[in-house]
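Following: one structure in structure tokens, then a few remarks.
There are 2 protein chains.
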Amino acid sequence: MKNNSSLAVGIIAEYNPFHDGHAYHIKKAKEMTQADYCIVAMSGDFVQRGGPAIYDKYTRTAMALSCGADLVIELPSVFASSSAEDFAACGIALLNNLGVVGSVCFGSECGNVEKLSGIASILATEPPVYTKELRRELKKGATFPQARNRALISCGILNEDEASILASPNNILGIEYCKALYRQKSPMTPVTISRKGYGYHDTSLAPEGFSSATGIRKAIHENPDILMQMESSLIQVPDPVKQMMSQGFPVFPDDFSALLNTTLLKLDCEGIPFEKYADVSEELAARLLRQLPDYLPFEEKINQLKTKQYTYTRISRALLHIALGVTTQQVVLGRNAGYAPYARILGFKKTSAGLMGEIKKRGSIPLITKTADARLILSGAAWSMLRQDFYCSHIYQTIVQDNYQIKMKNEFTHSVVIL
Amino acid sequence: MKNNSSLAVGIIAEYNPFHDGHAYHIKKAKEMTQADYCIVAMSGDFVQRGGPAIYDKYTRTAMALSCGADLVIELPSVFASSSAEDFAACGIALLNNLGVVGSVCFGSECGNVEKLSGIASILATEPPVYTKELRRELKKGATFPQARNRALISCGILNEDEASILASPNNILGIEYCKALYRQKSPMTPVTISRKGYGYHDTSLAPEGFSSATGIRKAIHENPDILMQMESSLIQVPDPVKQMMSQGFPVFPDDFSALLNTTLLKLDCEGIPFEKYADVSEELAARLLRQLPDYLPFEEKINQLKTKQYTYTRISRALLHIALGVTTQQVVLGRNAGYAPYARILGFKKTSAGLMGEIKKRGSIPLITKTADARLILSGAAWSMLRQDFYCSHIYQTIVQDNYQIKMKNEFTHSVVIL
Numbered sequence: 006m007k008n009n010s011s012l013a014v015g016i017i018a019e020y021n022p023f024h025d026g027h028a029y030h031i032k033k034a035k036e037m038t039q040a041d042y043c044i045v046a047m048s049g050d051f052v053q054r055g056g057p058a059i060y061d062k063y064t065r066t067a068m069a070l071s072c073g074a075d076l077v078i079e080l081p082s083v084f085a086s087s088s089a090e091d092f093a094a095c096g097i098a099l100l101n102n103l104g105v106v107g108s109v110c111f112g113s114e115c116g117n118v119e120k121l122s123g124i125a126s127i128l129a130t131e132p133p134v135y136t137k138e139l140r141r142e143l144k145k146g147a148t149f150p151q152a153r154n155r156a157l158i159s160c161g162i163l164n165e166d167e168a169s170i171l172a173s174p175n176n177i178l179g180i181e182y183c184k185a186l187y188r189q190k191s192p193m194t195p196v197t198i199s200r201k202g203y204g205y206h207d208t209s210l211a212p213e214g215f216s217s218a219t220g221i222r223k224a225i226h227e228n229p230d231i232l233m234q235m236e237s238s239l240i241q242v243p244d245p246v247k248q249m250m251s252q253g254f255p256v257f258p259d260d261f262s263a264l265l266n267t268t269l270l271k272l273d274c275e276g277i278p279f280e281k282y283a284d285v286s287e288e289l290a291a292r293l294l295r296q297l298p299d300y301l302p303f304e305e306k307i308n309q310l311k312t313k314q315y316t317y318t319r320i321s322r323a324l325l326h327i328a329l330g331v332t333t334q335q336v337v338l339g340r341n342a343g344y345a346p347y348a349r350i351l352g353f354k355k356t357s358a359g360l361m362g363e364i365k366k367r368g369s370i371p372l373i374t375k376t377a378d379a380r381l382i383l384s385g386a387a388w389s390m391l392r393q394d395f396y397c398s399h400i401y402q403t404i405v406q407d408n409y410q411i412k413m414k415n416e417f418t419h420s421v422v423i424l
Numbered sequence: 006m007k008n009n010s011s012l013a014v015g016i017i018a019e020y021n022p023f024h025d026g027h028a029y030h031i032k033k034a035k036e037m038t039q040a041d042y043c044i045v046a047m048s049g050d051f052v053q054r055g056g057p058a059i060y061d062k063y064t065r066t067a068m069a070l071s072c073g074a075d076l077v078i079e080l081p082s083v084f085a086s087s088s089a090e091d092f093a094a095c096g097i098a099l100l101n102n103l104g105v106v107g108s109v110c111f112g113s114e115c116g117n118v119e120k121l122s123g124i125a126s127i128l129a130t131e132p133p134v135y136t137k138e139l140r141r142e143l144k145k146g147a148t149f150p151q152a153r154n155r156a157l158i159s160c161g162i163l164n165e166d167e168a169s170i171l172a173s174p175n176n177i178l179g180i181e182y183c184k185a186l187y188r189q190k191s192p193m194t195p196v197t198i199s200r201k202g203y204g205y206h207d208t209s210l211a212p213e214g215f216s217s218a219t220g221i222r223k224a225i226h227e228n229p230d231i232l233m234q235m236e237s238s239l240i241q242v243p244d245p246v247k248q249m250m251s252q253g254f255p256v257f258p259d260d261f262s263a264l265l266n267t268t269l270l271k272l273d274c275e276g277i278p279f280e281k282y283a284d285v286s287e288e289l290a291a292r293l294l295r296q297l298p299d300y301l302p303f304e305e306k307i308n309q310l311k312t313k314q315y316t317y318t319r320i321s322r323a324l325l326h327i328a329l330g331v332t333t334q335q336v337v338l339g340r341n342a343g344y345a346p347y348a349r350i351l352g353f354k355k356t357s358a359g360l361m362g363e364i365k366k367r368g369s370i371p372l373i374t375k376t377a378d379a380r381l382i383l384s385g386a387a388w389s390m391l392r393q394d395f396y397c398s399h400i401y402q403t404i405v406q407d408n409y410q411i412k413m414k415n416e417f418t419h420s421v422v423i424l
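For the protein sequence lines, the chains are A and B, in the order given.
What the first sequence shows, in my numbering, is residues 6 to 424, in sequence order.
What the second sequence shows, in my numbering, is residues 6 to 424, in sequence order.
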């Protein structure tokens, strides 16, 4: 059997939804690393921007498996909707703990892994030459990003022309992956490919493929069938997956408006402070309390609370944590448990039996395939994290079924997706 | 100024929705008692059968005021969705504490107040002659209703032909009102009028008027505008009220399905036992837990849980208490606070200024007209009960706004209805 470096390449993703850019990413990752398998650590039913995934995790798993992925495991929900730093740390820990992943491949705007990795090493270790310069620049009145860029330049990591690297969303996430690799002393190698097509924040559809997920979600809002019309040489959606996608979906943040608003009312009525929940500052809690009895749809509420200090995503994440009951304490427990104390399998290809065998042999965390058995396998923080994953998905399933009058399987009756 | 006996007649009602039978009731109550005013103690946004009211409390208040009522006060929510005994005790306490109500008028199938009052006196005081006979009959294997009837006959309160009195829903409620009058040593006199038209449980519409509320709710489900087409000589809906009714309503139990299901999931995830909530037995809690991750609409869930032992209404009430967070402890606190430690005014007629003045003079509980001031006026159990009323209405308003994409005023911005 091959050693890690060529057995599997890992990808950390949300696939919200899966599109041709993702299919290209998987294809390229395998090519570049010569790996036999591609393992995806994917967010479950809620994603990093602080909202529900547009399609449930089983549908998204099926799409990924039908377009090149060999195994999909679930990113624990506590970190799937966390800050980029925690999200990345969890994804890296999860892939690392499997014991079979030789490299982690991510997209970035700059496409230069040495550059990203170099920046990450400085940010992860904070050597005196960096911190001294950072402090000096901040004292001079620079903003934090300005000061950080100057400090990186004075470390010899960036030149003047490269100062914009830290302004691009996929570079930032890539640096976080590299930071996590450093901090966790992981033997996995970072690999990056240049993002093609439209930018991360573009909301229009790219006519020749490679639209952004943001753009596709917007298009789906207007025409739920659009994803099935987007097949290309890279992405062919098999019929069973098409059927999954045509059953009453897609899901949007405003589907969770009543959950959010009634939860806020309930917490207030029971005297539970909003600050208990992850990413909810005292100032944000006070503002939420002031507008408490005024119903607003989820997205309107975010927009109303958004300030220069608090971005849309930050607010969105805080509100999602309140709605789902994700507390700061849970986040801390999860970090202390090493971010990923189990690997919940969402789906795999029939052809990856060899991979599964190797993970069982070399991995350092329990593999969860049958959810009903999980409480026999896990305990402590691990069981409480997985229970929260089940809970988040049950909430998602409840809301979807309530909105679309369809029937869905739950976490104990849905089986692993096998393609 | 008149004494109580002729100043005001009290009615305890839900008006779910208000219909011509209710208008007839108010008219007759005033005629029979020669009272100057009719005061209605009305359920808020949730009703005794354990579900939401079909129209919000302000709309129902406006309908009652436009058809003969002079003042509408809100039945505290903890008891509005309680058993018949607690519901009646709260209604009687509320009217009694106003200090101006001389008589309480209710509809009944038998129409004989002496008979109902006689039964109530025995049930409220349980004299030895009654309890001895009751026990003897139960030992012989009679069901509880059979044994109770035999015991009442042996007390000389019923004759053989009258045994069916305790089988009719409005007689039962009437007896509860009379029991509460006894127990609370209230000087108010019970008065009853015979129910006309269709029975309580009829679900078809009476062609000549006097349909049951159940029948009207069913008809509204099929055609939301039907109530406005039902005007008669007794019921004329003024234009502002029509406008209130046309804004996206009506509301049905299934609108609260997601709230119920997500609350059950959340309680389980946080390890809070369902038995904490009013009317939830351990057995019911265990059955709820078994089907936890399976989403069901509210009414289907009730039907699934219904047994010979647990009626539809009993289950419905238990589920509503879970959804709204009404605990057994809250019910006990409310009882200990005398059921009605404040009077929240929902609306009044401009012509009832004199009545309001008398209530301020003779009443024994604070009148709440401006909700924003309430926390300065109330404390302890009273404030916690009123806070729960606000909370229940905010939940109702949230769900209605979420379902119908309309804007509603909240408990702090909605003013008292004045017609």
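We put the beta carbon where it would ideally sit given N, CA and C, even for glycine.
Model, not experiment: these values are computed from the prediction.
- The beta-carbon of Gln151(A) is placed no less than 9 Å from the nearest beta-carbon of chain B.
- Note: Tyr282(A) is bridge-paired with Thr332(A) in the DSSP secondary-structure output.
- The criterion of a C-beta distance shorter than 9 Å is not satisfied by Gly179(B) and Phe92(B).
- For Glu416(A), the neighbours in chain B by C-beta distance under 7 Å run, in chain order, Pro298.
- For His399(A), the nearest beta carbon of chain B is closer than 9 Å to its own beta carbon.
- The beta carbon of Ile404(B) sits closer than 9 Å to some beta carbon of chain A.
- In the same chain as Ile404(A), and ignoring 5 residues on each side of it, the C-beta atoms closer than 8 Å to its own belong to Pro57, Val256, Asp260, Phe261, Leu264, in chain order.
- The beta-carbon distance between His226(A) and Val285(A), rounded to whole angstroms, is 28 Å. This is too long to meet the 8 Å contact definition.
- Counting other Cβ atoms within 10 Å of its Cβ, Ala172(A) stays below 16 and is therefore classed as exposed.
- Ile78(B) counts as buried, since at least 16 other C-beta atoms from the protein chains shown sit within 10 angstroms of its C-beta.
- Between Val109(A) and Ile221(A), the C-beta spacing is not below 9 Å.
- Close to chain B, meaning a Cβ-Cβ distance shorter than 7 Å, are the following residues of the region 238-272 of chain A: Ser262, Ala263, Leu264, Asn266, Thr267, Leu270, Lys271.
- The bridge partners DSSP lists for Phe353(B) are Leu76(B), Ile423(B).
- Ala40(B) has its alpha-carbon roughly 30 Å from the corresponding atom of Ile162(B).
- The three-state reading of DSSP puts Thr197(B) in strand, counting E and B together.
- Using a Cβ-Cβ cut-off of 9 Å, Phe279(A) does not count as an interface residue toward chain B, since no Cβ of chain B sits closer than that to its own.
- Judged by pairs of C-beta atoms under 8 Å, the region 111-129 of chain A does not touch the region 370-380 of chain A, as fewer than three such pairs exist.
- Taking 8 Å as the upper bound for CB-CB distance, Leu272(B) and His399(A) are not in contact here, some 12 Å apart.
- For Phe261(B), there is no enclosing beta strand (DSSP E), since its DSSP letter is neither H nor E.
- Closer than 9 Å to the CB of Phe395(A) there is at least one CB belonging to chain B.
- The alpha helix (DSSP H) runs of length 4 or more contained entirely in the region 89-155 of chain B are, from start to end of the chain, 89-102, 118-130, 133-144.
- With respect to Met250(A), Tyr300(B) sits apart: the two C-beta atoms are not nearer than 9 Å.
- Nearest C-alpha to Arg392(A) among Gly362(A), Arg349(A), Gln410(A): Arg349(A).
- For Gly179(A), the enclosing alpha helix (DSSP H) covers residues 174-188.
- Here DSSP, grouped into helix, strand and coil, assigns Phe84(B) to helix.
- What Gly330(B) touches in chain A, judged by beta-carbon distance under 9 Å, is Lys271, Cys274, Glu275, going in chain order.
- Sequence-distant Cβ neighbours of Val246(A) in its own chain, meaning closer than 6 Å and more than five residues away, are Ala67, Met68, Ser71.
- Taken through DSSP and simplified to helix, strand or coil, Gly339(B) comes out as helix.
- Scanning the region 346-424 of chain A for uninterrupted alpha helix (DSSP H) segments of 4 residues or longer gives 358-367, 379-382, 385-409, listed from N- to C-terminal end.
- Counting only residues of its own chain and dropping the five nearest sequence neighbours on each side, Thr268(B) has a CB closer than 7 Å to the CB of Ile327, Ala328.
- For Met413(A), the closest Cβ of chain B is nearer than 9 Å.
- Listed along the chain, the chain B residues whose CB falls inside 9 Å of the CB of Arg200(A) amount to none; the nearest CB is some 37 Å away.
- Apart from sequence neighbours up to five positions away, the residues of its chain that approach Glu114(B) with a beta-carbon distance below 7 Å are Ser173, Asn175, Asn176, Arg200, ordered along the chain.
- DSSP lists Gly15(B), Leu76(B) as the beta-bridge partner residues of Ile44(B).
- A Cβ of chain B is located within less than 9 Å of the beta carbon of Asp407(A).
- Following the DSSP letters along the chain, one finds Asp25(A) inside the alpha helix (DSSP H) bounded by residues 25-38.
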